[in-house]
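Here's the structure, in structure tokens; my notes come after.
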Amino acid sequence: MIIAAKYFFNDKNNIMESEYDSLLQELYTAILSIDAEKLKTKKGREKTNTDKLLYNPKELNTSIKNKLNPGGWIPFKLKCEYPTALYTKSYIDKYGSSIPKFSGATREIDFVKGDLGVEVQFGKYAFMAYDILGKMVILHNRRIINAGVEIVPVRRMSKSMSTGVSYFEQIVWDLENRGASNLDIPVLLIGIDS
Numbered sequence: 012m013i014i015a016a017k018y019f020f021n022d023k024n025n026i027m028e029s030e031y032d033s034l035l036q037e038l039y040t041a042i043l044s045i046d047a048e049k050l051k052t053k054k055g056r057e058k059t060n061t062d063k064l065l066y067n068p069k070e071l072n073t074s075i076k077n078k079l080n081p082g083g084w085i086p087f088k089l090k091c092e093y094p095t096a097l098y099t100k101s102y103i104d105k106y107g108s109s110i111p112k113f114s115g116a117t118r119e120i121d122f123v124k125g126d127l128g129v130e131v132q133f134g135k136y137a138f139m140a141y142d143i144l145g146k147m148v149i150l151h152n153r154r155i156i157n158a159g160v161e162i163v164p165v166r167r168m169s170k171s172m173s174t175g176v177s178y179f180e181q182i183v184w185d186l187e188n189r190g191a192s193n194l195d196i197p198v199l200l201i202g203i204d205s
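What the sequence shown shows, in the working numbering, is residues 12 to 205, in sequence order.
Structural data, given as structure tokens:
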């Protein structure tokens with residue numbers, strides 16, 4: 012794969028390249044070592060790509076994982092305890108015994124090394140925005156990470172994936188037009204292509 016584009020979000024002090032340079036070099040090396048063309052193994056099922064071979068998101072994720080895990084990049088799961096104290100008395104009276112218990116709920120990030128978190132996203136657009144504006148902020152508030160990296164395909168690569176896959180240009184436009192808030196952490200978006 013190649014690194015086709017980079018965008019630094021909320022990195023006004025340039026900490027991504029100064030404090031995380033060696034970790035970013037590890038990520039770049041892993042990305043560049045993957046032959047994405049060998050991962051065109053998913054058979055298209057939508058009208059626009061019936062029987063066409065597409066990039067397989069699971070295999071892309073596994074390839075990146077196989078490159079990063081030996082270097083100490085590990086997944087992280089944060090256990091969630093969802094509040095039930097906000098239920099109304101009438102709701103509890105009516106459904107109390109059938110209200111499901113919340114056990115095993117987590118927020119997960121693909122990789123953490125030091126205090127840098129990495130998400131690889133080949134899914135729908137909403138997941139990409141949630142990773143950057145929700146999940147990474149939560150993990151920062153819990154002192155798991157201080158900065159993040161989101162690895163996504165550029166538009167050209169997404170055209171050879173299932174329909175609805177998000178892409179780099181899409182989230183950059185939104186982030187630039189939304190702007191950063193005081194909650195946001197520094198995030199490097201990496202746009203990849205084959």
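The beta carbon of each residue, even a glycine, is placed where N, CA and C say it ideally should be.
Inter-residue spacing [alpha-carbon to alpha-carbon] between residue i and residue j
i: Asn77; j: Leu97; result: 43 angstroms
i: Asp204; j: Thr95; result: 44 angstroms
i: Asn67; j: Pro197; result: 29 angstroms
i: Met172; j: Leu64; result: 9 angstroms
i: Val183; j: Pro81; result: 31 angstroms
i: Asp104; j: Ile26; result: 52 angstroms
i: Tyr31; j: Ala47; result: 26 angstroms
i: Thr99; j: Thr117; result: 25 angstroms
i: Lys51; j: Gly83; result: 28 angstroms
i: Ser29; j: Asp22; result: 11 angstroms
Whether residue i touches residue j by CB criterion (9 angstroms)
i: Phe20; j: Leu194; result: no
i: Ile45; j: Ile14; result: no
i: Ala16; j: Phe179; result: yes
i: Leu144; j: Tyr18; result: no
i: Phe87; j: Leu150; result: yes
i: Phe113; j: Tyr93; result: yes
i: Ile110; j: Ile162; result: no
Contact set for residue i: own chain, Cβ-Cβ below 6 angstroms, skip 5 residues either direction
i: Val129; result: Asp121, Phe122 and Val160
Cβ-based neighbour list, residue i, same chain, cut-off 7 angstroms, excluding 5 preceding and 5 following
i: Arg153; result: Leu89
i: Met147; result: Gly128, Ile156, Gly159, Ile196 and Val198
Candidates the options, of which the one nearest residue i by Cα
i: Ser74; options: Val131, Ala137 and Met139; result: Val131
i: Leu85; options: Asp126, Ile196, Met12 and Ile143; result: According to the sequence displayed, residue 85 carries Ile and not Leu. Ranking the options by Cα distance to Ile85, first place goes to Asp126.
i: Asn72; options: Tyr141, Arg167, Pro111 and Phe133; result: Phe133
i: Lys53; options: Ala140, Tyr106 and Lys69; result: Lys69
i: Glu37; options: Gly190, Phe113, Leu79 and Lys51; result: Leu79
i: Arg166; options: Ile156, Ala158, Gln181 and Asn157; result: Gln181
i: Cys91; options: Ser33, Gly115 and Ala191; result: Gly115
8 angstroms CB neighbourhood of residue i in its chain, flanking five on each side removed
i: Val176; result: Pro68, Phe133, Gly134, Lys135, Pro164 and Ser169
Which parts of the segment 113 to 142 are runs of the alpha helix (DSSP H), unbroken and 4 residues or longer, counting only runs that do not cross its ends?
136 to 141
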